Structure formats: structure tokens, C-alpha cells
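Single-structure report; data block below.
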Amino acid sequence: MAKLKISDLAKIKEQVTASTSLREGGASVKVTVHMGTCGIASGARTVLNAVMDELEKSARKDVIITTSGCMGLCSAEPLVTVEKLGEEPIKYSYVDDPKMRQIFNRHVLEGEIQTQWVLAKGSEQ
Amino acid sequence: MKRFRQHMLICGGTGCQAAGSVAVKDALVKEIAKQGMADEVAVVETGCNGFCAMGPVMVVYPEGTFYVALEEKDIPELVSEHIVKGRPVERLFYKEPKTKEVIPDMLDIPFFAHQQLIALKNRGILDAESIDEYIARDGYKALAKALTEMTPEQIIAEVKTSGLRGRGGAGFPTGLKWEFCSKSAGEVKYVLCNADEGDPGAFMDRSILEADPHSVVEGMTIAAKAIGSHEGYVYCRAEYPLAVYRLQLAIEQAREYGLLGDNILDTGFAFDLHIYQGAGAFVCGEETALMRSIEGKRGMPRPRPPFPAVAGLWNRPTVLNNVETWANIPQIIQNGGAWYAAIGTEGSKGTKVFALTGHVNNIGLVEVPMGTSLRSIIYDIGGGIPKKHRKFKAVQLGGPSGGCVPEAHLDTLCDYEAIAKVGAIMGSGGMIVMDDSTCMVDMARFFMDFVQEESCGKCTPCREGTRRMLQILEKIVEGHGEPGDLDTLEELAPMIQTSSLCGLGQTGPNPVLSTLRYFRHEYEAHIHDKKCPAKSCVALLEFKVNEEKCKQCGLCFKNCPVDAITWEKKQPAAIHLDKCIKCKTCFENCKFDAID
Chain A
1 MAKLKISDLA KIKEQVTAST SLREGGASVK VTVHMGTCGI ASGARTVLNA
51 VMDELEKSAR KDVIITTSGC MGLCSAEPLV TVEKLGEEPI KYSYVDDPKM
101 RQIFNRHVLE GEIQTQWVLA KGSEQ
Chain B
126 MKRFRQHMLI CGGTGCQAAG SVAVKDALVK EIAKQGMADE VAVVETGCNG
176 FCAMGPVMVV YPEGTFYVAL EEKDIPELVS EHIVKGRPVE RLFYKEPKTK
226 EVIPDMLDIP FFAHQQLIAL KNRGILDAES IDEYIARDGY KALAKALTEM
276 TPEQIIAEVK TSGLRGRGGA GFPTGLKWEF CSKSAGEVKY VLCNADEGDP
326 GAFMDRSILE ADPHSVVEGM TIAAKAIGSH EGYVYCRAEY PLAVYRLQLA
376 IEQAREYGLL GDNILDTGFA FDLHIYQGAG AFVCGEETAL MRSIEGKRGM
426 PRPRPPFPAV AGLWNRPTVL NNVETWANIP QIIQNGGAWY AAIGTEGSKG
476 TKVFALTGHV NNIGLVEVPM GTSLRSIIYD IGGGIPKKHR KFKAVQLGGP
526 SGGCVPEAHL DTLCDYEAIA KVGAIMGSGG MIVMDDSTCM VDMARFFMDF
576 VQEESCGKCT PCREGTRRML QILEKIVEGH GEPGDLDTLE ELAPMIQTSS
626 LCGLGQTGPN PVLSTLRYFR HEYEAHIHDK KCPAKSCVAL LEFKVNEEKC
676 KQCGLCFKNC PVDAITWEKK QPAAIHLDKC IKCKTCFENC KFDAID
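Going down the list, the protein sequences come from chains A and B. Using the numbering used here, the first residue of the first sequence is number 1, and each one after it goes up by one. Using the numbering used here, the first residue of the second sequence is number 126, and each one after it goes up by one.
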């Protein structure tokens, strides 16, 4: 990787925004597993494995799976955010392996929000 | 082929069958026959419709009405209303879950609504292991600004304007610290990050390093330009493996992008960062001990002055700030010091991150503007005390160096001076909430035990004094307290505070002093009445059966491991204290709260 110049920062921003934004990257859903120590300690790794496994089974190409740090509410971990194109992000709390699989198959693939496990919609900023 | 005016497609998938679709279908066929419409209406059993959670489900065509969670008893109404009269039965419809009533907006949830994020700006939003995502959230833009558009003096002036004070606990003005260091003579200077978070119950710094490590790298690099440093260290405890891993990754990515190393962003400025893993000694969070530890020596403090800004790491001028302080820097540079100074109170600007734990509903990491009341943090954000029959007792701020704040002072605002006035400290942000099942004497003993254990032993007041205080506290919780003990504690505390070498000893007696200030009666009850008001100190408890409440069930008798309880049918149980080992088993097993 070449060393950056200041003008490169804006370019990277543009590229990344394009690839992580659902609108331009060709993806329609982004699933974020929150993996701080609190998340991992309460099973976020199992959740991540579950969603990767389901993604592979589904053979869908338009789903992005990513990880992130703690979002603050450590007592409700593992937390997962599902963001569908054109919809507000949905945060699920206390997720485990079977819940993640159901969230993937029902919400990610079929658009049916699993309200029983939802913490909230929207984001902090 | 026979034509029907209406088709009722009931799901016969495994899920719906398990939920009772067979019975529903039978009832449907019977009801339709009963109403004489068997020739007009077809009932069809379909395969799985996929919506098993709401089964049994049914679609009625041609309208396409979707019914969920049907039961046998719904059928007569459904047939006579929908099929005969053409009025779909709304109560059996599927309720759209995407309505506001069902899912609250994240910002309608008090836990999130009352927070304001600066240091935690990127929490839960970006992939902590991707520098590109950090850049996409305007990362390293402040560094570019600092390197190309600002002089070192301007950077320092901006930080001074912001009013940012050290978030590690002492609250020293950050800009001033940088200014001292920039004015110190010397070619070689160092920028250090204190990530040796050691207070019990504190996890702010770990979370920042795990969620947004680049913000710390960027903040440190900006300071390097301000003071003229080319090398820095992050002192992180080895017990934080994920934080160390992500920070290491961040440093490597930044090097690869030319954001660390020689000629940063093609501006000619050079700075590089290393991680130094500490072995988890609490005293190494003290700045001079931390530096000795990086030098490869035993982590022990030394007297100041000289201050690190003059002679720090390897006797060179050094700036040391805490993780949270560093995470604030990029945004102060980007948005200007005045923007930051507009948040908060007169003497405390910006926001503060707290690690909220203990007897509180929403355990987690919260960032609030300075000036928010402790009550708002504990009740609005924290959601209050979990157990209904328990009451709030006190909140411990600042860990072993801090103090507790009782109910009466809960409206104290988050502000360095205001919190100090009620006998606690802002500290690094540990906030432990305690309900009335907590014994304050035992709590003080816990922190004193911690301080005594972590005392490095270099100076006598801390090494010997904390041990003496601990011995007295242990004596009190074990029921051997004597009338003069409180006087001895109050005599020892100021001696240790004034004569200890470093912050560890100087602040170590604080938890004892603050509990003595607000909960002296608890100490007195332990000493004079040999009672623990919170019923927590086992040595002071005497178990007995409350005969009025006792339902004579014998559960305590059956569970007692040492046969200290006698019981006969239809007689209240009795506990024989000579045999009782105070294991609390009877107390925990009694369903009627009849053990006192």
C-alpha cells in the first residue's frame, strides 16, 4: 500500500462510503455483530459464526457482515444491528446462535423483523 | 373442474401442524358444511408458508386476507363473519411489527437518549479493525489539519480553549500540560498513553481501544506535532488482550498508510508508536511508575518535581494522557476548542465517559455532558435499582481513590469540583451503584484491601499505614471492633494522605473517610451493637426464626448442612446458634422471609 497524501483521505472516504453504504455497494443488508470484550464474553463469537454459516447456506451475495466494538449497553450483549436498504437499522439484544439464525432467515432474507428480540430501531447519530 | 367462490388456504406445514392447524382445518370443514357452503368454499391444506412463528396461518382468496395464530374456537366466528357476511375478522390479522408502538426508536430509549457522544463517537458503528472505515468517518482529517494548517502553538491554544482536563482522574488541564512540555528544552520528547486502567469496575479505556483505536493513535500524533515529539508509547495492561490486538493492528495499518512513521501524509513530520504491555500492577497507572515500567525497571513512583513535562520517560520531556483524553483530541482539533468548551459546566468542559456497574439495571458505558446529575445517570440512563424491594444506598465514584455519594447528594452534577466537594472524585469514570444490601464498612474494607495489596511498598506511610487501616476494618467487620477504632482510622488517614509518595497512598484512605462521613452509624453499629445494618457481614449475623412468619414447612430444617435446625410438623423451626455456621442456607431457602 502506498503512503497516503492528504488528498487520499477524501478518496478513501468516498470508496469506503460506497462499499459500506448499502445504496451504492450493491448490498441490500448489513449485519453488524458488536464484538467488544463484553460482547465476546457473552457469546458474540458464536453469534458471528452462526450468521456466517447462514449466509453461506443462503448463497446471497448482497449481505455484508461486519463487526464493531461495544455500543455501550453491555448488560444486553450480544447485540446485533441489522440494516436494510432504505430502512432504519434495527438493534437486537441478547442474541444467541438460534436467535441469530432466525433473525438472518426471517429478517435479513425475508424482511420480517423479529420484534420479540428487538431492542430499538435507529442509531445514536 | 368445480369452481369455488372462495378458497381458504390453511397451512399444513410442520410448524403450523404443531401449533394446531389440523384441528383448525377440521373445524373449518365442519363449520362450512354446517352452514351449507361446502359447494361454494374450498378448504385447501398447503405446505409451509414460512411464517411458522405465527401459525396456524391461513390465506383467504380472492381477497388475500391473511389470518394468523388461529384457534379452533375462532372458526365459527370467522366463517359466519368473513365467508357469510363478507366482513374479515380484524382481530385475527397479522399485526405489522414495524410500527412505532412496537419498536421504540433508539433515541426514545432513555439509556441512549441522555448520552452525548464525543470520545465514543464511533462506538458500535465502525469496524474497529478497518482503518478505511475510520477514515470514512472523517478519521485522520484532524491530523491532516494539524500537520498542514496549524503551528504547534495553535494546536496547544486550541486544546487550551477547549478546557479539556485529564480524563484519567486528576483533571489537570490537558493544554497546559502540553504547553509545559513544548517549552521544555530537549531534542527528544515522548508522547505516552496511559491505558493501564486498574480501578475495580472501570472499563472505559478498554472499550475505547477496542471500538475505536485509531482515535487514540490520531490524538497522540497530533500532540506529537504540538510538543515536537517523534516517538510514543501506549502503556496497556496485558489483561486487555483484545484492546492490545486491535491497537496493534491500528498502528500497523497507520504505518502502512503513512499515517505513522517518517514523512506522515507527505508533510515531512515523523512520529511512531509502540505498545508496552504492563503486567497489571495498579501502581503503574501512576505516571512516574508507568514511565519506570516502560524503561524496564520495577514500576515504582518517584517524587515530583521534576514533573514528566520536564523530565519524564528516560528523563526526557514527556506528555502522558489517558485513553479517553486522547480520543477527544481529534474532534477538538477538527471542530475547534470553542465547540468543545460550549459543552459542560464552568470548570469542567465537554463530556465524560462512565462505566456504570453494580446494582443498576443498564450496566454499560455511558458518555454524558459534564453537568449531568448523578441521579440522571443512575436513574434515567441506568434505569435505577433492579430489585424492587431494595433501595439506593450510595454510588462509589473514582474506585479505590474515590469516595461514595449517598442519596442526599445524588443531585450533584458531574463536575470535577462539585464531586470533590461531596467527598468523592471524578476519577477515571468508574461508577459503582450500591443498594441497601451493601455494607459500607465492608465496601471500605474491600477497597482498602485492594490498595494495601497494590501498594508498591516503596514508602512507609502507604505500605504500613494501609495495612494498619485494613487490619482495623477487618476487625470491625468480624465483630471485634473496639470503641477507639474509629479514632485510630481518622488519625491514620490524614497521615497516610499527606506523607505518601504518590497518588495511590495519598488517595487510598478516601473510601474509608467518605463512608465514615456519610455512614458513621454503620461503623458504630458494627462496633457497639455488634450488628451489621445491611445484614451483609456474616460474622455479625445471628440467625433466628421469626415465629409469626414461619409457615412450619421445614425447608430450612431439610437444607441445613450441619443439623443446627430442629423442626417438627406443625411446629415453627428453631435454630441452635451453638451449631450454626452462618452459611445463610436457611435464609436463602426460606420462601416466607421468616429467617431474621
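From the three backbone atoms N, C-alpha and C, an ideal C-beta is built for every residue, glycine too. In this text the structure is predicted, and so the values were computed from the model without any measurement.
Nearest to residue 574 of chain B by alpha-carbon distance, out of B:553, B:184, B:681 and B:602, is B:602. Exposed is the label assigned to residue 297 of chain B, since fewer than 16 other Cβ atoms lie within 10 Å of its Cβ. Any Cβ of chain A closer than 8 Å to the Cβ of residue 260 of chain B would place that residue at the interface, and such an atom is present. For residue 432 of chain B, the closest of B:679, B:412 and B:689 by C-alpha to C-alpha distance is B:412.
The region 364-379 of chain B makes no contact with the region 541-551 of chain B, as fewer than three CB pairs between them are under 8 Å.
Taking a Cβ-Cβ cut-off of 7 Å, the neighbours of residue 335 of chain B in chain A comprise 36, 37, 69 and 70, given in sequence order. DSSP places residue 359 of chain B in the strand class (E or B) of the three-state scheme. In the structure shown, residue 441 of chain B adopts coil according to DSSP, grouped into three states.
In summary, residue 303 of chain B is buried, with 16 or more beta-carbon neighbours lying within 10 Å of its beta-carbon over all protein chains present. The beta carbon of residue 17 of chain A falls within 8 Å of a beta carbon belonging to chain B, placing the residue at that interface. Ranking B:204, B:426, B:191 and B:145 by CA distance to the CA of residue 153 of chain B puts B:204 first. Residue 259 of chain B sits in a helix when the DSSP states are folded into three classes. Here the C-alpha atom of residue 438 of chain B lies approximately 20 Å from the C-alpha atom of residue 300 of chain B. In its chain, beyond the 5 residues on either side, 342 and 385 have a beta carbon closer than 6 Å to the beta carbon of residue 379 of chain B. The beta carbon of residue 608 of chain B is closer than 8 Å to those of 652 and 653 in its chain, skipping five residues each way along the sequence.
Neighbours of residue 610 of chain B in chain A, taken as residues at a C-beta separation under 7 Å, are lacking, since the least C-beta distance is about 38 Å. Less than 8 Å separates the beta-carbon of residue 584 of chain B from that of residue 625 of chain B.
Around residue 643 of chain B, the same chain offers 531 as residues with beta carbons nearer than 6 Å, after the five sequence neighbours per side are excluded. For residue 201 of chain B, the enclosing alpha helix (DSSP H) begins and ends at 200-203. Shown here for residue 516 of chain B: same chain residues with a beta carbon closer than 6 Å to its own, the five before and five after excluded, namely 561 in chain order.
Taking a beta-carbon distance threshold of 8 Å, residue 489 of chain B counts as an interface residue toward chain A.
Taking one beta carbon from each stretch, the region 271-283 of chain B and the region 253-262 of chain B have fewer than 3 pairs nearer than 8 Å; the two do not touch.
The Cβ-Cβ distance between residue 248 of chain B and residue 447 of chain B does not fall below 8 Å. Among the CB atoms of chain A, one or more fall inside 8 Å of the CB of residue 384 of chain B.
Contact fails between the region 479-487 of chain B and the region 452-462 of chain B, because fewer than three Cβ pairs, one in each stretch, are under 8 Å apart.
Rounded to the nearest whole angstrom, the CA to CA distance from residue 145 of chain B to residue 513 of chain B is 39 Å. It is roughly 37 Å from the alpha-carbon of residue 510 of chain B to the alpha-carbon of residue 692 of chain B. Given a length threshold of 3 residues, each whole run of the beta strand (DSSP E) inside the region 72-113 of chain A is given here in chain order: 80-84 and 90-92. Residue state for residue 8 of chain A is assigned as helix, using DSSP reduced to three classes. Under a criterion of Cβ atoms nearer than 8 Å, no residue of chain A is adjacent to residue 648 of chain B; the nearest Cβ is some 32 Å distant. No Cβ-Cβ contact shorter than 8 Å links residue 245 of chain B with residue 522 of chain B. Annotation for residue 714 of chain B: 680, 681 and 684 place their beta carbon closer than 7 Å to its own, counting only its chain and skipping 5 residues before and after. Annotation: residue 58 of chain A has no Cβ neighbours in chain B at a cutoff of 7 Å; minimum Cβ distance is about 14 Å. Within 8 Å of the CB of residue 643 of chain B, no CB atom of chain A is found; the nearest one sits about 27 Å away.
Under the criterion of beta carbons closer than 8 Å, residue 476 of chain B and residue 468 of chain B qualify as touching, at roughly 6 Å. Beta-bridge analysis with DSSP links residue 673 of chain B to no other residue.
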